[in-house]
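Below is one structure, written out as structure tokens, with a few remarks after it.
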Amino acid sequence: KCEACLNGRQTHCENRTVLGIVDRDGVFAEYTSLPLENLHRVPDSVPDEWAVFTEPLAAALEIQQQIQIRPTDRVLVVGAGRLGQLIAQTLALTGCDLRVVTRHAHVQELLQARGIRTVTEADVQPRRWDVVVEVTGSAEGFALARRAIRPRGTLVMKSTYKGEMSVNFSSIVVDEINIIGSRCGPFEPALRLMEKREVDPSVLVMASYKLDDTLKAFEHAARAGVLKVLVGE
Numbered sequence: 004k005c006e007a008c009l010n011g012r013q014t015h016c017e018n019r020t021v022l023g024i025v026d027r028d029g030v031f032a033e034y035t036s037l038p039l040e041n042l043h044r045v046p047d048s049v050p051d052e053w054a055v056f057t058e059p060l061a062a063a064l065e066i067q068q069q070i071q072i073r074p075t076d077r078v079l080v081v082g083a084g085r086l087g088q089l090i091a092q093t094l095a096l097t098g099c100d101l102r103v104v105t106r107h108a109h110v111q112e113l114l115q116a117r118g119i120r121t122v123t124e125a126d127v128q129p130r131r132w133d134v135v136v137e138v139t140g141s142a143e144g145f146a147l148a149r150r151a152i153r154p155r156g157t158l159v160m161k162s163t164y165k166g167e168m169s170v171n172f173s174s175i176v177v178d179e180i181n182i183i184g185s186r187c188g189p190f191e192p193a194l195r196l197m198e199k200r201e202v203d204p205s206v207l208v209m210a211s212y213k214l215d216d217t218l219k220a221f222e223h224a225a226r227a228g229v230l231k232v233l234v235g236e
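Residue numbers (this note's numbering): 4 to 236.
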């Protein structure tokens, strides 16, 4: 084992592989092999259609492993795609003063149906928010998040970025902004949340296809504004 693994930082293993992403094929196959420690028992009460969200839900929960969210905190989530929605659902459980930035009416409806308030980009008040979670992975999203965060606030970076960005680090130093990179999280807490029905990932499923129609499913998933498409037997 590498130094990271020996010190309990397995997600930063020097020899890390990631299913379908880094040096390991995905699982669109009849058989696949995985280390035993990567297997997690799904509670009987958690439907398969929910269980597929375990990884992104765990990533959403990782934020609360890294920082304490208090009921008095003003928290802004920038981006309301799949991960942004799950982050919003988990943060809502803390009782914080939560808002989610979104452009799409159907996404607003999904959030508002769960009692989560939304705002447009134009309505985001600058230098007001204690915690801002940036989930878009875009330069525009980062710029909005940076404007929103108050001095000595915490900016959580929850998405990777393509290419390079221009960042005014002097203003970050002057405002004493805490920046936290956040990636994967533990599966067991995510499974427990779904078992207790404290979150509902099923609202993100916009279509389900049979295995024979997998190509159609990919085409559907590629459309703008589509949150999640499932493929089953």
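Just so you know, even glycine gets a beta-carbon here, dropped at the ideal spot from N, CA and C.
Sheet register partners of residue i (DSSP bridge)
i    : result
M160 : E137, G184
V104 : V81, V122
G29  : In the DSSP output, where bridge partners are listed per residue, G29 has none listed.
S211 : L233
I152 : W132
V45  : DSSP lists no partner for V45.
V21  : V25
Close-in-space but distant-in-sequence residues of the same chain around residue i (CB under 8 Å, 5 per side omitted)
i    : result
A225 : none
N18  : C5
R265 : The structure shown does not extend to residue 265, since the chain is modelled only from 4 to 236, so the question has no answer here.
V25  : R19
F190 : H43, T57, E58, A61
Cβ neighbours of residue i in the same chain (closer than 7 Å, five flanking residues each side left out)
i    : result
A148 : V81, V135, E137, L158
V21  : R27
V229 : M209, H223
V234 : Y212, L214, T217, A220
Residue i to residue j span [Cα, whole Å]
i    : j    : result
T163 : A142 : 11 Å
I119 : P204 : 14 Å
Q68  : T75  : 18 Å
G144 : E112 : 21 Å
M168 : E236 : 43 Å
T139 : D28  : 26 Å
Y34  : A210 : 25 Å
F172 : I70  : 22 Å
E58  : A146 : 27 Å
V30  : K213 : 17 Å
T105 : V208 : 18 Å
G188 : G87  : 15 Å
R85  : V206 : 10 Å
A32  : G23  : 12 Å
Beta-carbon separation (whole angstroms), residue i vs residue j, contact threshold 8 Å
i    : j    : result
G98  : D133 : At roughly 14 Å, the Cβ-Cβ gap does not stay under 8 Å, so G98 and D133 are not in contact.
R237 : A95  : Examination of residue 237 is not possible in this model, given that the chain is present from 4 through 236 alone.
E198 : S48  : 6 Å
I175 : M160 : Incorrect: roughly 12 Å between the Cβ atoms, too far for contact.
Any non-hydrogen atom of the ligand SAH closer than 7 Å to residue i Cβ
i   : result
D28 : Of ligands this structure carries none, so the ligand SAH is not represented either.
Chain-order list of residues whose beta-carbon lies under 6 Å from that of residue i (same chain, five-residue window excluded)
i    : result
D178 : P154
V170 : none
| field | Cβ contact check for the segment 74–91 and the segment 50–66: 3 or more pairs under 8 Å | value | Touching, per the Cβ criterion.
| message | With a threshold of 8 Å, are at least 3 pairs of Cβ atoms found where one atom belongs to the segment 188–207 and the other to the segment 47–62? | response | The segment 188–207 is in contact with the segment 47–62.
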